[in-house]
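Peer 1: For reference, the structure I am asking about is given below.
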Amino acid sequence: QKEVEQDPGPLSVPEGAIVSLNCTYSNSAFQYFMWYRQHSRKGPELLMYTYSSGNKEDGRFTAQVDKSSKYISLFIRDSQPSDSATYLCAMSGSSASKIIFGSGTRLSIRP
Amino acid sequence: EPEVTQTPSHQVTQMGQEVILRCVPISNHLYFYWYRQILGQKVEFLVSFYNNEISEKSEIFDDQFSVERPDGSNFTLKIRSTKLEDSAMYFCASSPWTSRTKETQYFGPGTRLLVL
């Protein structure tokens, strides 16, 4: 079983739709859960991070972590064409230790 | 907003040559990292560095790789004798982590390395 699994997509939705992106993981030692956004041939840009279980909201973005199910989600409300990118879930055992990335989901928002 | 910077943005080299990739982490950060991403694949951890020594490294980070913080601002990755399979995007990251904060890693824009 892979340590972090993420559907690679591509996912295409119309502008204004709610987008749901998900990852599952197998290592119960993970405590930090991140979502990064990556545009083609650019570095990962931190969107949100969460420590342990729970929800975190930042503008149109909501991150959820369910440690009992080993499942994390990112919701994007009122999606915009500028949200089109590859979204990487990522996790680590501590904020200083190595990050394990998912394979990324390619998201396209149609105007 | 402070950010991690990397130079060069692109590097082309011949197989067997040495390359040095440079990074300037965010100024008050304590932990430094290198990751790489082969085209079409996942971002993979290479090495972490804290208090002037390697704190963790992956299987990829063999004797051909080394890291150094030569002064108070730069953090470098050296590949001694490049191989074709070293062609990838190399990302530097830094983290301000202390026991009193819970922060994560911030990534630079990357250096695209092409080995011919």
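Chains S and X, in that order, give the protein sequences.
Every letter in the first sequence is one number past the one before it in the numbering used here, and letter 82, counting from 1, is 105.
Every letter in the second sequence is one number past the one before it in the numbering used here, and letter 63, counting from 1, is 800.
A virtual CB, placed ideally from N, CA and C, is assigned to each residue, including glycine.
#1: Give the residues of chain X in contact with P67/S, contact being defined as C-beta atoms less than 8 Å apart.
#2: Pairing CB atoms from the segment 749–765 of chain X with CB atoms from the segment 773–780 of chain X, are three or more of them under 8 Å?
#3: From E846/X to T750/X, what does the alpha carbon distance come to, in whole angstroms?
#4: Out of curiosity, what's the CA-to-CA distance linking E805/X and E68/S?
#5: Is P745/X closer than 9 Å to T848/X when the C-beta atoms are compared?
#6: Is there a Cβ from chain S that is less than 9 Å from the Cβ of E793/X?
#7: By the 10 Å Cβ neighbour count, where 16 or more other Cβ atoms means buried, how is K223/S classified, buried or exposed?
#8: Relative to chain X, which residues along the segment 113–124 of chain S have a C-beta separation below 9 Å, given in chain order?
#9: Does any C-beta atom of chain X lie closer than 9 Å to the C-beta of R83/S?
#10: Check whether chain X comes within 9 Å of S96/S, counting only Cβ atoms and requiring the distance to be less than that.
#11: Compute the Euclidean distance between the alpha carbons of T73/S and G753/X, then round it to the nearest angstrom.
#12: Under 8 Å by Cβ, that's how I've got P104/S and E28/S pegged, so tell me the actual separation to the nearest angstrom.
#13: Helix, strand or coil for P37/S, going by three-state DSSP, please let me know.
#14: Does the structure place the segment 821–831 of chain X close enough to the segment 95–109 of chain S that three or more beta carbon pairs sit under 8 Å?
#15: According to DSSP, is L776/X part of a helix, a strand, or is it coil?
#16: Give the single residue among L111/S, Y48/S and S75/S whose Cα lies nearest to the Cα of Q778/X.
#17: Assuming R849/X is part of the beta strand (DSSP E), what are its boundary residues?
#18: Report the option in T841/X, V852/X and S810/X whose CA atom is closest to the CA atom of T742/X.
#19: In the structure shown, what three-state DSSP assignment does D89/S receive?
#20: Tell me, please, whether the CB atom of S785/X is closer than 9 Å to any CB atom in chain S?
#21: Since S803/X sits in a beta bridge, which residues does DSSP pair it with?
#22: Hey, how far is the Cα of T85/S from the Cα of N45/S?
Peer 2: The answer reads as follows:
#1: The count along the first sequence starts at 1 and reaches residue 67/S at position 44. What P67/S touches in chain X: V780, F828 and F844.
#2: no
#3: Here residue 846/X is taken as the residue at index 109 of the second sequence, counted from 1. Here residue 750/X is taken as the residue at index 13 of the second sequence, counted from 1. Note that residue 846/X is Pro in the sequence shown, not Glu. About 20 Å.
#4: Here the question's residue 805/X lines up with position 68 in the second sequence. Here the question's residue 68/S lines up with position 45 in the first sequence. When rounded, the distance between both Cα atoms is 25 Å.
#5: Residue mapping note: residue 848/X aligns to position 111 of the second sequence, counting from 1. Residue mapping note: residue 745/X aligns to position 8 of the second sequence, counting from 1. Yes; because the gap between Cβ atoms is below 9 Å, this pair is in contact.
#6: Position 56 of the second sequence holds residue 793/X. Yes, contact with chain S.
#7: This structure does not reach residue 223/S, given that chain S is present from 24 up to 134, and the question cannot be answered.
#8: A113, S115, S117, S118, A119, S120, K121, I122, I123 and F124
#9: Locating residue 83/S in the first sequence gives position 60, counting from the first residue. No, R83/S lies away from the interface with chain X (no Cβ there is under 9 Å from its Cβ).
#10: Residue numbering aside, residue 96/S sits at position 73 when the first sequence is read from its first letter. By this cut-off, S96/S is not an interface position.
#11: What you label residue 73/S is simply residue 50 of the first sequence in a count that begins at 1. What you label residue 753/X is simply residue 16 of the second sequence in a count that begins at 1. Roughly 42 Å between the two C-alpha positions.
#12: Counting from one through the first sequence, the residue named residue 104/S turns up at place 81. Counting from one through the first sequence, the residue named residue 28/S turns up at place 5. So it is not a contact: roughly 28 Å between Cβ atoms.
#13: Walking along the first sequence from the start, residue 37/S turns up at place 14. Of the three classes helix, strand and coil, the one that applies to P37/S here is strand, per DSSP.
#14: no
#15: Position 39 of the second sequence, counting from 1, holds the residue named residue 776/X. L776/X falls in the coil class under three-state DSSP.
#16: The residue labelled residue 778/X in the question sits at position 41 within the second sequence. Out of L111/S, Y48/S and S75/S, L111/S has the C-alpha closest to the C-alpha of Q778/X.
#17: As a working note, residue 849/X is residue 112 in the second sequence. Counting along the chain, the beta strand (DSSP E) containing R849/X begins and ends at T848 to V852.
#18: Here the question's residue 742/X lines up with position 5 in the second sequence. Nearest of T841/X, V852/X and S810/X to T742/X, Cα basis: S810/X.
#19: Numbered from 1 along the first sequence, position 66 holds the residue referred to as residue 89/S. The answer is strand: DSSP assigns D89/S an E or B state.
#20: Here residue 785/X is taken as the residue at index 48 of the second sequence, counted from 1. By this cut-off, S785/X is an interface position.
#21: Numbered from 1 along the second sequence, position 66 holds the residue referred to as residue 803/X. Partner(s): K815/X.
#22: Residue mapping note: residue 85/S aligns to position 62 of the first sequence, counting from 1. Residue mapping note: residue 45/S aligns to position 22 of the first sequence, counting from 1. T85/S and N45/S: Cα-Cα distance of roughly 12 Å.
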